[in-house]
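In the order they appear, the protein sequences are chains A and B.
The opening position of the first sequence corresponds to residue 424 in our numbering, with each subsequent residue numbered one higher.
The opening position of the second sequence corresponds to residue 424 in our numbering, with each subsequent residue numbered one higher.
Even glycine gets a Cβ: it sits at the ideal position worked out from N, Cα and C.
Here is the structure we will look at.
Protein chains: 2
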Amino acid sequence: MSNPSKAGPTIGVFDSGFGGLTVLRRLLPLIPGAHYIYLGDTARLPYGAKSQQTIARYTLSSAQFLEQQGAEMLVVACNTASALAMAELKAGLSIPVVGVIEPGVQAAGPADHAGAPRLASATWDSTEPTVLVLATAATVQSHAYAQACEALGLKAYEKACPLLVPLVEEGWIDHPVTADVLRIYLKEALAAAPTVTTLLLGCTHYPLIEPLVRRTLAELGHPLRIVDSATATAQAASLVLPATASTEAPTCEFYATDSVEKFQRLGSQFLGQTLPKVELIDLGG
Amino acid sequence: MSNPSKAGPTIGVFDSGFGGLTVLRRLLPLIPGAHYIYLGDTARLPYGAKSQQTIARYTLSSAQFLEQQGAEMLVVACNTASALAMAELKAGLSIPVVGVIEPGVQAAGPADHAGAPRLASATWDSTEPTVLVLATAATVQSHAYAQACEALGLKAYEKACPLLVPLVEEGWIDHPVTADVLRIYLKEALAAAPTVTTLLLGCTHYPLIEPLVRRTLAELGHPLRIVDSATATAQAASLVLPATASTEAPTCEFYATDSVEKFQRLGSQFLGQTLPKVELIDLGG
Chain A
424 MSNPSKAGPT IGVFDSGFGG LTVLRRLLPL IPGAHYIYLG DTARLPYGAK
474 SQQTIARYTL SSAQFLEQQG AEMLVVACNT ASALAMAELK AGLSIPVVGV
524 IEPGVQAAGP ADHAGAPRLA SATWDSTEPT VLVLATAATV QSHAYAQACE
574 ALGLKAYEKA CPLLVPLVEE GWIDHPVTAD VLRIYLKEAL AAAPTVTTLL
624 LGCTHYPLIE PLVRRTLAEL GHPLRIVDSA TATAQAASLV LPATASTEAP
674 TCEFYATDSV EKFQRLGSQF LGQTLPKVEL IDLGG
Chain B
424 MSNPSKAGPT IGVFDSGFGG LTVLRRLLPL IPGAHYIYLG DTARLPYGAK
474 SQQTIARYTL SSAQFLEQQG AEMLVVACNT ASALAMAELK AGLSIPVVGV
524 IEPGVQAAGP ADHAGAPRLA SATWDSTEPT VLVLATAATV QSHAYAQACE
574 ALGLKAYEKA CPLLVPLVEE GWIDHPVTAD VLRIYLKEAL AAAPTVTTLL
624 LGCTHYPLIE PLVRRTLAEL GHPLRIVDSA TATAQAASLV LPATASTEAP
674 TCEFYATDSV EKFQRLGSQF LGQTLPKVEL IDLGG
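So, in structure tokens, the structure goes:
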């Protein structure tokens, strides 16, 4: 570790907004002795509708800021950046990088025992989809989850759910309208891919509605194993770092590139605890 | 007119995305002999969450592109840009500029006869809100509609409806979920401001759900006069231009600053006719 004065490592967590706080929330108990630096590139979000070159450029400049701040590892808690900027990040940084897509997909593979991530080398033959991926329209259009599934011998059906992020951001976490929307999306997906056995929540906002997803699947008489990328990514990050026996509480600092109002207002719900001050920074562009 | 070879004027129409196509749709029959150049700054949308300086800079660079392309008048079909960049546009351009907010508010004032815009000099005393403005969260936070109402002696109640844009973009124009969401928003607004008599649709996406808004108000036993900014803005623009007796059909060209997929897919619905090719341009930033 480059910072010998601290017991635990410094971990950079990056997202285009505050959604990645659900990943940070899972990291805190798994790597409790660490210092976390979270950056939301709110000035340039959403990444989803932008070109690959633009996304890679934005992501790399954000990641370099985190490395300059002392991050010894980068967690890319953003589906779009994970899908489209990993090669540029690995080339442009000297620290290890973990994205959200591959850990999520590995966790969605058939588990040797409940909840354990499956080794990437194992394969699973299937001609019909076994994994249902719920994600934003941009993530589905990238087919990053389907391709990562294919690399593991899994077949995925990807369902775009464009209303779920706005519903979560409206705070309608346990709301009849959100239940209606979920029922429509899940019915459409299950009609198109009735063979799926695992549901992968492929968006950082979705862990907040996991209980409602579970209830809706039960109502539809189609219970599925639910895996979320946030939890799987935190687990993958904890495997990359050497084990530390620190009993210190984690510390966090937060940065955003534009108006922090929404970040501050909704962030606490995503983090599961009160969000401290968010500092505004300028990355240009 | 700087382009004597043409019978009608060249009109630039600007929005951060494709929502402003509802304004262009209203312009076509009102100024039929014109040539229209539409620019959606899709690379940098949404403007709503960005700072005033950033929005003014983006808007001015977009407007200057339209002026360079020969626009003799600019219609700012974007609520955020109309709220936050009008001073910079008027200072930085040499052509007349019409935004969406003031025409919408003028049309929401008490009409001398149905549908006629009211003169800005007249005033109307009211201590209770008479105008209900539905808009995005960003537009409501700017209070641009409330301030423009106040300048005319009108009191407005602004209601943020963050789910309506995603619902329209999902294509759920006449859908039970959209009806449920509208009922929730309208009930909340009418409980808070029971004295309103006019409803102002303060977002370029909302004209597509006007029939559903009308039906929901009737169901709630609270029919209101409905005014939309798109129609009012087109009317205001037609008043700025000298009358032309052209019988030519209007011509249009379309530009966007990033991925045109969504623009192309949804644009036809907003324009009310098939959208021709959208050309990709680079404004930097």
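Does the distance from the C-beta atom of residue i to that of residue j stay below 8 angstroms?
{"i": "Ala531 of chain A", "j": "Leu623 of chain A", "result": "yes"}
{"i": "Val446 of chain B", "j": "Ala508 of chain B", "result": "no"}
{"i": "Lys582 of chain A", "j": "Leu555 of chain A", "result": "yes"}
{"i": "His628 of chain A", "j": "Leu587 of chain A", "result": "yes"}
{"i": "Leu462 of chain A", "j": "Ser485 of chain A", "result": "yes"}
{"i": "Thr680 of chain B", "j": "Arg467 of chain B", "result": "yes"}
{"i": "Cys584 of chain A", "j": "Leu613 of chain A", "result": "no"}
{"i": "Leu631 of chain B", "j": "Gln687 of chain B", "result": "no"}
{"i": "Leu575 of chain A", "j": "Val528 of chain A", "result": "yes"}
{"i": "Leu643 of chain B", "j": "Leu689 of chain B", "result": "no"}
{"i": "Ala571 of chain A", "j": "Glu525 of chain A", "result": "yes"}
{"i": "Asp597 of chain A", "j": "Leu635 of chain A", "result": "yes"}
Whole angstroms are fine: how far does the CA of residue j sit from the CA of residue i?
{"i": "Thr656 of chain A", "j": "Leu453 of chain A", "result": "11 angstroms"}
{"i": "Ile460 of chain A", "j": "Lys685 of chain A", "result": "19 angstroms"}
{"i": "Leu450 of chain B", "j": "Asp651 of chain B", "result": "13 angstroms"}
{"i": "Gln658 of chain A", "j": "Thr553 of chain B", "result": "55 angstroms"}
{"i": "Gly707 of chain A", "j": "Gln564 of chain B", "result": "25 angstroms"}
{"i": "Gln696 of chain B", "j": "Leu703 of chain A", "result": "43 angstroms"}
{"i": "Ala561 of chain A", "j": "Tyr470 of chain A", "result": "9 angstroms"}
{"i": "Leu489 of chain B", "j": "Ser682 of chain A", "result": "28 angstroms"}
{"i": "Gly625 of chain A", "j": "Pro646 of chain B", "result": "42 angstroms"}
{"i": "Val600 of chain B", "j": "Val591 of chain B", "result": "11 angstroms"}
{"i": "Leu516 of chain A", "j": "Leu662 of chain A", "result": "20 angstroms"}
{"i": "Glu551 of chain A", "j": "Ala672 of chain A", "result": "46 angstroms"}
{"i": "Ala539 of chain B", "j": "Ala653 of chain B", "result": "In this predicted model, Ala539 of chain B has a pLDDT of only 44, less than 50, meaning its place in the structure is not dependable; the value taken from the coordinates is given anyway. Taking the straight line from one Cα to the other gives about 15 angstroms."}
{"i": "Arg648 of chain A", "j": "Glu633 of chain A", "result": "11 angstroms"}
{"i": "Ala457 of chain B", "j": "Leu664 of chain B", "result": "10 angstroms"}
{"i": "Thr477 of chain B", "j": "Leu444 of chain A", "result": "26 angstroms"}
{"i": "Glu573 of chain B", "j": "Ala579 of chain B", "result": "8 angstroms"}
{"i": "Pro699 of chain A", "j": "Val619 of chain B", "result": "40 angstroms"}
{"i": "Gln487 of chain B", "j": "Leu577 of chain A", "result": "51 angstroms"}
{"i": "Trp595 of chain B", "j": "Ala504 of chain A", "result": "29 angstroms"}
{"i": "Tyr481 of chain A", "j": "Gly440 of chain B", "result": "21 angstroms"}
{"i": "Ile518 of chain B", "j": "Gly442 of chain A", "result": "42 angstroms"}
{"i": "Val521 of chain A", "j": "Ala660 of chain A", "result": "6 angstroms"}
{"i": "Thr670 of chain B", "j": "Pro432 of chain B", "result": "13 angstroms"}
{"i": "Thr674 of chain A", "j": "Val701 of chain A", "result": "14 angstroms"}
{"i": "Pro589 of chain B", "j": "Arg448 of chain B", "result": "21 angstroms"}
{"i": "Glu593 of chain B", "j": "Thr559 of chain A", "result": "12 angstroms"}
{"i": "Arg638 of chain B", "j": "Ser474 of chain B", "result": "37 angstroms"}
{"i": "Val498 of chain A", "j": "Ala615 of chain B", "result": "44 angstroms"}
Run through DSSP, which three-state label would residue i get?
{"i": "Tyr638 of chain A", "result": "The identity of residue 638 of chain A in the sequence shown is Arg, whereas the question assumes Tyr. Three-state DSSP puts Arg638 of chain A in a helix."}
{"i": "Gly463 of chain A", "result": "strand"}
{"i": "Tyr470 of chain A", "result": "coil"}
{"i": "Pro540 of chain A", "result": "Model confidence at Pro540 of chain A stands at a pLDDT of 48, short of 50, so the residue's coordinates are unreliable and nothing is read from them."}
{"i": "Phe711 of chain A", "result": "Chain A is shown from 424 up to 708; residue 711 of chain A falls before or after that span and cannot be answered."}
{"i": "Thr482 of chain B", "result": "helix"}
{"i": "Leu631 of chain B", "result": "helix"}
{"i": "Ala660 of chain B", "result": "helix"}
{"i": "Asp603 of chain B", "result": "helix"}
{"i": "Ala527 of chain B", "result": "Here the sequence assigns Gly to residue 527 of chain B, which means Ala is not the residue at that position. Note: Gly527 of chain B maps to helix in three-state DSSP."}
{"i": "Gly435 of chain A", "result": "strand"}
{"i": "Ala494 of chain B", "result": "coil"}
{"i": "Ala506 of chain B", "result": "helix"}
{"i": "Val591 of chain B", "result": "helix"}
{"i": "Trp547 of chain A", "result": "Model confidence at Trp547 of chain A stands at a pLDDT of 49, short of 50, so the residue's coordinates are unreliable and nothing is read from them."}
{"i": "Leu419 of chain A", "result": "Shown here, chain A extends from 424 to 708; a query on residue 419 of chain A therefore has no answer."}
{"i": "Lys610 of chain A", "result": "helix"}
{"i": "Ala720 of chain B", "result": "A query on residue 720 of chain B cannot be resolved here, the shown segment of chain B reaching from 424 to 708 and no further."}
{"i": "Lys578 of chain B", "result": "coil"}
{"i": "Cys572 of chain B", "result": "helix"}
| the region 431-441 of chain B contacting the region 476-495 of chain B, beta-carbon criterion three pairs below 8 angstroms | yes
| task | May I ask you to list, following chain order, the residues of the region 469-486 of chain B that have a beta carbon less than 9 angstroms from some beta carbon of chain A? | result | Result list: Pro469, Ala472, Lys473, Ser474 and Thr477.
| request: Could you tell me whether the region 562-581 of chain B touches the region 589-607 of chain B, using the rule of 3 or more Cβ pairs below 8 angstroms? | output: no
| said: Beta carbons nearer than 9 angstroms to chain B: which residues of the region 580-596 of chain A have them? | reply: Pro585, Leu586, Val588, Pro589, Leu590, Glu592, Glu593 and Trp595
| request: With 9 angstroms as the limit, tell me which residues of the region 550-573 of chain A have their beta carbon closer than that to any beta carbon of chain B; keep them in chain order. | output: Ala560 and Gln564
| query | Using a beta-carbon distance cut-off of less than 9 angstroms, what residues from the region 662-686 of chain A approach chain B? | reply | Asp681, Ser682, Glu684 and Lys685
| task | Check distances from the C-beta atoms of the region 435-467 of chain A to those of chain B and list, in chain order, the residues that come in under 8 angstroms. | result | Thr465 and Ala466
| field | Members of the region 633-659 of chain B near chain A, C-beta cut-off 9 angstroms | value | none
| query | Relative to chain B, which residues along the region 601-624 of chain A have a C-beta separation below 8 angstroms, given in chain order? | reply | From the region 601-624 of chain A, only Asp603, Val604 and Ile607 have a Cβ closer than 8 angstroms to chain B.
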